[in-house]
Structures are given as structure tokens and as C-alpha cells.
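So the structure is just underneath, and the comments pick up after that.
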Amino acid sequence: MTSVSATPPLVDVSHVSFGYGGPAVLADVSCTVVPGQFTGIVGPSGSGKTTLLKLLLGTQKPQHGAVRRASGVAVSYVPQLETVNWNFPVTVEDCVLMSRKARSWNPRPSRAERAEVAEVLERLGIADLTHRHIRELSGGQQQRMFLARALVRRPQLLLLDEPTSGVDVQTRHEVLHLLDDLNRDGLAIVLTTHDLNGMAAHLPHLIALRQRIIASGPPEDVIVPGVVEQVFGARMEILQHLGMPVVVDSMEDDPARRMSAS
Amino acid sequence: MNGIVQTLLDPFQYQFFVKGLVAAVLAGALCGLIGVFITLRGMSYIGHGLSHAIFGGYAAAPLLGVPIILGAGLWGLASALAINAVTRRHRIGADAAIGVVTTASFALGVALLTKFGNKGPAFDSLLFGSINGVALADLWLLAGVFVGTVVVFTVLYRQLLFSTFDPEVARVSGVNVGLMDTILMVVLSMSILATLSIIGVTLVAATLVIPPVIARMITDSFARMLWLATVIGLACGAVGMYLSYQLEIPSGTTIVLTNAAVFLVVLLVKGARGLRSTAGMDEHTDASVTSFEVPAVRA
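First to last, the protein sequences are chains A and B. Using the working numbering, the letters of the first sequence correspond one by one to residues 1 to 262. Using the working numbering, the letters of the second sequence correspond one by one to residues 1001 to 1299.
Printed below as a string of C-alpha cells:
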């Protein structure tokens, strides 16, 4: 990707190490995020992918190395669904409005703000839910609402933490398509996932992470036996299906299999 | 008939009762209003602790020759900011730290009052609230804190709401979450200070919690919850103060019992569904965890 290297990066992570007081969670990690990029950070839980996301966000500061963000870049964040209390007394519109900076002393949203929210909800296909309480939404609709809240800030970079964990297959497809559309409009997207087949294999660019960056590049370069085994610490077989890599557990050493076989 | 009306209206001819009533109305409304944020943020225990801490300031201030309101105010503010720092910096042990600091402060207050006698408001009126001795200055203080709180909540509405609902994303979206937390702690400690002599140390927490819980059972809207909790607090303050006069029971007690009675009525009307809407009202799961990860600004 020669054209990419010519573009000044939105975020530049260089030789970053990070730990929460114990052993290092990230060691000597370097990567960049450029406009229009769409990257999945893959790794098992504890591999440091959420930490890397937080360094990109700026909510964590590196202990060694540097994270440089281009000035004036608007970054939006979509956390995992279970990080908020869905019983909180707000409607979908209230929730999306929160991330619009208040421009006046009047707590009521202006007509322009409401129109902006309506437009984003329309685009995400949940305009009919505008005045619903957030508890009444399905998992997929909650994910769309979070996306709407992120997009109403008109970001150049969108960061998502495990956007498809705990949602059904249909929702996963929808979210993936939605993100692809947004990326085509020029939005840079970085997300974390541990789902190699359902998510990572469909993305244009991956970073395989386990404390260090084990590999990065398109899925066909990253979802390969050597890398996957090193990242997930388990033997896995990679098959090819419709031109995409598909990971299957290698069952040889699986005690569960032995048990069911006996 | 005339006799009954006469009896009902009787207390209004006494200036001390009218002052007490105005104070109770303001105190109830103020606690109900701020209680919405306190309950949704899971800070009820902090409110309870803070009222005990301020009691220490009440006792110590006269002995140090400092005006009570100033002394107790500074003491409360210092406790609030200390609690804020502890809860933000250390995930584990925050409850214990609050318990230690605030109950120690309360114990110090009791010790000082017992040893040196009390030069401020009466001991039991500080504990359980009193209709007596509401001075004009107290009313001005209450009114000032109430107006100040309304202004703060109006101007910072969206930031306060965002940092309560989802602190991590709020921070990323440019909201100064630490500042919002601090502002709420300051507003809370000022409110407790202003209402303490009406409602009492041991009962303040209930007036912070019950009106918002009732409001939450009635509505799913945050904005409506704010004014509903204010109105419920106000009404319970008024009725409670009136009952306090008629039954000769400390005003904090009657205000809290009135709140509890309204809660029961709404519970009966709304049934289990209403109660379910308050379940996990202060749950924050991961969001509260991440809010502690950010290093607090060192003083």
C-alpha cells in the first residue's frame, strides 16, 4: 500500500510499551492509522488489544514510546455493549444527543441538533426507535445506537471494542456491512475482535497481537497457521473457503473430543 | 368544621413553623433534585457518609472559633474532595475508605460535643432534624444552594448526564469527566450542609434516595425524572414538616416516613414493573471500572 504511506497518519504509535503495574501488556508496539484505513486488531482476551485501542483513544498513556495524534482529529469510540447500564432513564435520541457538544445554556436540544440525530438514526436504520427507551432495543439495535452516538460527532477515526461480541450472526453481518459503508465514505476504522472467521477474515487489514505485533497485513497474510498459533497459543487449521481463510480448531489434542469419542 | 380548619391552619400563625416549612420544602426539593445524579451514579453511600463527616465539622467549628457554616462547609468540602480522590484512584477499598473517614469524623463530632458541650444547634436536632431554630440565614443559604444547583444542572446538563451514563465515552468525546465528578461532589456537600439541621445527619441519605427512586418508577425519561424527584422531595418535605409539628416528632423522621409512604403507594400502583425499572439503577459495570483507571489530578 504505497499510497497509504504517503498520507500523514491520524495516529502514530511508535515503540510503545504498557503495563498495569504487573507484567507488560504491550511491548514495543508500533503501528499507524491513516485516513481511510480499516483495521482489525485480533488476539485472544488478555493479548493487549483493548489496551492498544485505549492508547489510540488517548485514555491510556504509554509508559514507554509515544502515541502521536494529528492535531484536530475527531475520534469516536464505540465501547462494548455491557459497559453501560441499559436501565438508565434515557431514550435513543437522548443517548445520541449526549455526544453533541452543547452549544447553548438551554438543556433542550435545538431543532438543528434533532435533525442531525434524525439523519444519523435514519442512516443506521433505527429512525423508528428515536423515542424508545434504550432498554427496549435488541443487541443489534443497541450497537447501532452506539454507532449513531459515535457518528453524530462526525469523526475521522472510529474505534470499536469487540463490536460483534455477544450479537447474533444476522447482526454481525449488518454491523460489518455498515462499517464497510462508512469506511467507503472515508472514515478510518479500527476495531478489536477475537472472532477470526466471523469478523477478521472479512476486514481489509489486520494486526495480530499478543503483547507484541506478531503480524500485520491483509487477512491472507495474517490468518496463517504460524501466526494464528503464536497469537492464540493453540493449534489451529486454516482452510480456504470462497477465497477467504477459515480457521478450525485442531482437534488432535482436544480432551473434550477424546471424551466424546470414548 | 370551623374548628378542624382552625386546627389545621393553626401552625401557620407561628413564624417558626412557616420558616421551618419553607426550609423543609427547599431541603426536600434540593435533595430530590441532586439525588437523581447521586442514585444513578451509585453514590448513595457517599451521601450518607458525607452527612456524617459534616457532623464532625459542625461540632469542631465552634470550638475553633470558626463560624459553624464556614467550618462545617470547609470540613464537608474537604471530605467530599477526599472521597472523590479515593473513589477515583483506588477501585478496591473505596467503600472502606469512605466508611473510615466519615464515621471517624462523626465519632470525633460526638466526642467533641460530649466533652466540650455544644455551642451550635442542639445535638439531637443535628441527628434527626428539627423544626425549631430555623434562622433566616439558614433559609437564605438553602435558597442559594438550591438556585446554584439548578443553574449548574441546567448549564452542564448534557455533560453531567453523559458522564453519569457512560463516563469513558464521555471522556473520549471531550467531556471533562473529572471536573463533572468534582462539581457534583461540591454540590452534594453544599446541599447536605444546607439541609442538615432540617433533615438531620442520619436521615439525609433517605431524602437523597427515595424521591429519585419513586420518580424512576414513574418515568423512563431523565429530564422528567429530574423535575419529578424535585417535586416529590418538595411535597414530602412540606407534608413531613407539617406532621412533625402536629405529632411532635423530629422533622427528619416525619419527612423520611412521608417519602417512604409515597414510595409504598407508588409501588402498589405501579406494581413489580415499576420496581423493576429501578433495579440496578446505579449499575455501571465496566464503565465505573474504567472511570477509576484514569489517574486523578494530583493536588
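Glycine included, every Cβ here is placed at the ideal spot set by N, Cα and C.
Which word fits residue i, buried or exposed, when buried means at least 16 other C-beta atoms lie within 10 angstroms of its C-beta?
i                  : result
GLN170 of chain A  : exposed
TRP1075 of chain B : buried
GLU93 of chain A   : buried
ASN106 of chain A  : exposed
VAL50 of chain A   : Contrary to the premise, residue 50 of chain A reads as Thr rather than Val in this sequence. With 16 or more Cβ atoms within 10 Å of its Cβ, THR50 of chain A is classed as buried.
ASN1002 of chain B : exposed
VAL1100 of chain B : exposed
ALA261 of chain A  : Below a pLDDT of 50, predicted positions are generally treated as unreliable, and ALA261 of chain A, at 47, falls in that range; the measurement from the model is reported next regardless. So ALA261 of chain A counts as exposed.
PHE1017 of chain B : buried
LEU1009 of chain B : exposed
TYR1014 of chain B : exposed
MET1 of chain A    : Because MET1 of chain A carries a pLDDT of 43, less than 50, the predicted location of this residue cannot be relied on, and no value is offered for it.
THR1007 of chain B : exposed
LYS54 of chain A   : buried
GLY233 of chain A  : exposed
HIS177 of chain A  : exposed
SER104 of chain A  : exposed
ASP168 of chain A  : exposed
HIS15 of chain A   : exposed
PHE1012 of chain B : exposed
PRO8 of chain A    : exposed
ALA1122 of chain B : exposed
ILE1004 of chain B : exposed
HIS194 of chain A  : buried
GLN37 of chain A   : buried
Hey, residue i and residue j: beta-carbon distance below 8 angstroms or not?
i                  : j                  : result
LEU160 of chain A  : VAL73 of chain A   : no
PRO163 of chain A  : LEU196 of chain A  : no
PRO1250 of chain B : THR1039 of chain B : no
VAL1204 of chain B : ILE1214 of chain B : no
SER30 of chain A   : PRO62 of chain A   : no
GLY1252 of chain B : GLY1129 of chain B : yes
LEU1141 of chain B : ILE1183 of chain B : no
GLY1200 of chain B : ALA1027 of chain B : no
VAL1134 of chain B : GLY1020 of chain B : yes
LEU1208 of chain B : ILE1034 of chain B : yes
LEU81 of chain A   : GLY166 of chain A  : yes
ALA27 of chain A   : ARG212 of chain A  : yes
MET1217 of chain B : THR1278 of chain B : yes
List, in chain order, every chain B residue whose beta-carbon is nearer than 8 angstroms to that of residue i.
i                 : result
ARG153 of chain A : SER1173
VAL75 of chain A  : VAL1172
What residue from the options has the CA that sits closest to residue i's CA?
i                  : options                                    : result
TRP201 of chain A  : A:LEU187, A:MET236, A:ASP221               : Note that residue 201 of chain A corresponds to Ala in the displayed sequence, not to Trp. When only C-alpha atoms are compared, the closest one is A:ASP221.
ARG154 of chain A  : A:GLY21, A:SER76, A:VAL246                 : A:SER76
LYS1115 of chain B : B:SER1125, B:LEU1267, B:ARG1171, B:ALA1060 : B:ALA1060
VAL231 of chain A  : A:GLY243, A:THR7, A:ALA188, A:ALA208       : A:ALA208
SER71 of chain A   : A:SER99, A:PRO204, A:GLY58                 : A:GLY58
HIS173 of chain A  : A:GLN143, A:VAL152, A:PRO109, A:PRO89      : A:GLN143
VAL246 of chain A  : A:MET199, A:PRO89, A:THR7, A:VAL33         : A:MET199
ILE1046 of chain B : B:THR1103, B:ALA1107, B:GLY1073, B:GLY1028 : B:THR1103
PHE1165 of chain B : A:VAL167, A:ASP180, A:ARG149               : A:ARG149
ASP249 of chain A  : A:ALA112, A:SER110, A:GLU237               : A:GLU237
MET1190 of chain B : B:ALA1078, B:LEU1257, B:ILE1218            : B:ALA1078
ILE1069 of chain B : B:LEU1139, B:ALA1206, B:MET1217, B:MET1180 : B:LEU1139
GLY1043 of chain B : B:ALA1080, B:VAL1266, B:GLY1117            : Residue identity check: residue 1043 of chain B is Met in the sequence provided, not Gly. It is B:ALA1080 whose Cα lies nearest to the Cα of MET1043 of chain B.
SER216 of chain A  : A:GLY21, A:THR32, A:LEU26, A:ALA118        : A:THR32
GLY1071 of chain B : B:MET1241, B:ILE1098, B:GLY1109, B:GLY1144 : B:GLY1109
VAL214 of chain A  : A:VAL175, A:PRO89, A:SER47, A:ARG114       : Reading off the sequence shown, one finds Ile at residue 214 of chain A, where the question assumed Val. Comparing Cα-Cα distances from ILE214 of chain A to each of A:VAL175, A:PRO89, A:SER47, A:ARG114, the minimum goes to A:SER47.
GLY1073 of chain B : B:LEU1050, B:THR1087, B:VAL1086            : B:LEU1050
Listing by chain order, which chain A residues have their CB less than 9 angstroms from the CB of residue i?
i                  : result
TYR1045 of chain B : Ordered by position in chain A, no residue passes the 9 angstroms Cβ test against TYR1045 of chain B, which lies about 17 angstroms from the chain.
PHE1037 of chain B : Neighbours of PHE1037 of chain B on chain A: none; closest Cβ ~12 angstroms, over 9 angstroms.
VAL1152 of chain B : Within 9 angstroms Cβ-Cβ: nothing; VAL1152 of chain B doesn't reach chain A, min ~11 angstroms.
THR1169 of chain B : The residue you asked about is not Thr; residue 1169 of chain B is Val in the sequence shown. Under the 9 angstroms cutoff, chain A gives SER76, TYR77, VAL78, PRO79, THR83, VAL84, MET98, SER99, PHE146, ARG149, ALA150.
LEU1040 of chain B : ASN85, PHE88, PRO89
MET1225 of chain B : PRO89
How would you list, in chain order, the residues of chain A whose beta-carbon sits under 8 angstroms from the beta-carbon of residue i?
i                  : result
LEU1184 of chain B : Here the premise fails: no neighbours, minimum Cβ distance about 16 angstroms.
PHE1165 of chain B : VAL84, ASN85, PHE88, VAL90, CYS95, MET98
PHE1162 of chain B : MET98, SER99
Which residues in chain E sit within 9 angstroms of residue i, going by Cβ to Cβ distance?
i                : result
SER47 of chain A : The structure shown contains no chain E; its protein chains are A and B.
Which residues in chain A have a C-beta closer than 7 angstroms to the C-beta of residue i? List them in chain order.
i                  : result
ARG1216 of chain B : PRO89
PHE1222 of chain B : PRO89, VAL90, ASP94
VAL1155 of chain B : TRP105
Can you list the residues of chain B that residue i reaches, using a CB-CB cut of under 7 angstroms?
i                 : result
HIS133 of chain A : ASP1220
LEU57 of chain A  : VAL1172
Starting from residue i, find everything on chain B with Cβ-Cβ shorter than 9 angstroms and list it in chain order.
i                 : result
PRO23 of chain A  : Going along chain B, no residue has its Cβ under 9 angstroms from PRO23 of chain A, so there is no contact; the nearest lies around 17 angstroms.
ALA102 of chain A : VAL1155, LEU1156, TYR1157, ARG1158, GLN1159
**Item:** Continuous alpha helix (DSSP H) assignments of at least 4 residues falling wholly in the segment 1193-1246 of chain B
**Value:** Entirely contained in the segment 1193-1246 of chain B, the alpha helix (DSSP H) runs reaching 4 residues are, in chain order, 1204-1218.
**Request:** Let me know the alpha helix (DSSP H) ranges lying completely inside the segment 1032-1077 of chain B, each 4 residues or longer, listed in chain order.
**Result:** Fully enclosed alpha helix (DSSP H) runs of 4 or longer: 1044-1063.
**Request:** Mind listing, in chain order, the continuous beta strand (DSSP E) runs of no fewer than 3 residues lying wholly within the segment 197-230 of chain A?
**Result:** Counting whole runs of 3 or more residues, the segment 197-230 of chain A contains the beta strand (DSSP E) stretches 205-210, 212-217.
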